Amino acid sequence: MSDADQREPSLPSDTGLEARLASVRAGIADAARAADRSVDELTLVVVTKYHPAALVRQLAALGVTDVGENRHQEAQAKAAELEDLGLTWHFVGQLQSKKARQARRYAHVVQSLDRASVVDAFAPTETEPDPRVLDGFVQVNLTDDPGRGGVVPDDVDALAERVLATGTLRLRGVMAVAPLDEEPRAAFARLRAISERVRLIDPAATDISAGMSGDYAEAVAEGATHLRIGSAITGNRPAAP
Ligand SMILES: *Cc1c(COP(=O)(O)O)cnc(C)c1O
1 MSDADQREPS LPSDTGLEAR LASVRAGIAD AARAADRSVD ELTLVVVTKY HPAALVRQLA
61 ALGVTDVGEN RHQEAQAKAA ELEDLGLTWH FVGQLQSKKA RQARRYAHVV QSLDRASVVD
121 AFAPTETEPD PRVLDGFVQV NLTDDPGRGG VVPDDVDALA ERVLATGTLR LRGVMAVAPL
181 DEEPRAAFAR LRAISERVRL IDPAATDISA GMSGDYAEAV AEGATHLRIG SAITGNRPAA
241 P
């Protein structure tokens, strides 16, 4: 082990991170080719939750521009520490309205709009009449379990209308996580059909955020534009703090 490795034992070596990132980028390019799509249509969001800010800095040095976080306090601290990098911060975790009002100060994209109360938290208020405009995705629950994140497919249209009504969220499209007990491609095909419905409400809302470390190729095949990939790039996550 080199001296450098001993100084920072909790970080993967630069070469390991670089190799994993290169391998995922190659996998995305393969998936795009197989689906007859251009990689230019795809945004890689590296999910860095539970990892230290130093790892996000390494990723930025390797050309990563978009990162995803799922816990408000952790995201807020990292975004403040790494402000100089000019990254685009995506919030991908469950939000409560109070946290949502704080998240809009550092996040650029909120991918987990799943309830009216969370959507409304981004609307202007008397004390904050002119908040920043954020990009938003309506998160769809593709499982039969109401406890999982996301709005049920039947309620997507109403929530999309509500997003548009805030005036401070730019509706980008839909987001989902594939169920554990189903072939991901079938689930992503349902998401694609829901996305087509949302486009009837807002023709600009063309994005689909789907696909993680284990199923991004299936997501690309079903039209995903945003891939949220964590462990395949960062290595195993530390335990939740
Ligand atoms: C953690 C997380 C990811 C990334 O998962 P990996 O399997 O590590 O790629 C993607 N999306 C959401 C919503 C997450 O919470």
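Mapped onto full-length UniProt numbering, the consecutive letters of the sequence shown carry residue numbers 1 to 241.
Every residue gets a Cβ at the ideal spot worked out from N, C-alpha and C, and that includes glycine.
If you're wondering where the values come from, they're calculated on a predicted model, not measured in any experiment.
Residue range of the unbroken alpha helix (DSSP H) whose run includes residue i
i           : result
His72       : 72–81
Ser97       : 97–103
Gln58       : 53–61
Thr166      : 156–166
residue 242 : The first residue shown for the chain is 1 and the last is 241, placing residue 242 beyond what the model contains.
Thr234      : 231–234
DSSP-derived helix/strand/coil call for residue i
i           : result
Glu222      : coil
Leu17       : helix
Glu69       : strand
Gly136      : strand
Thr43       : strand
Ser213      : coil
residue 327 : With the chain running from 1 to 241 in the structure shown, residue 327 is simply not present.
Arg7        : At Arg7 the pLDDT is 47, less than 50, meaning the model places this residue with poor confidence; the figure from the coordinates comes in the next sentence. Here Arg7 sits in helix by DSSP.
Val151      : strand
Proximity test, residue i beta-carbon vs ligand 1 heavy atom, cut-off 7 Å
i           : result
Ser97       : no
Asn141      : no
residue 243 : This structure cannot speak to residue 243, because the chain is shown only from 1 to 241.
Gly86       : no
Ser213      : yes
Host beta strand (DSSP E) of residue i (start-end)
i      : result
Val122 : This sequence places Phe at residue 122; Val is not what is there. Note, Phe122: premise wrong, no beta strand (DSSP E); not H, not E.
Arg170 : 169–175
Val109 : 109–113
C-beta atoms of residue i and residue j nearer than 8 Å
i      : j      : result
Gln139 : Leu113 : yes
Val110 : Gly136 : yes
Leu227 : Leu44  : yes
Ala75  : Phe91  : yes
Arg104 : Leu85  : no
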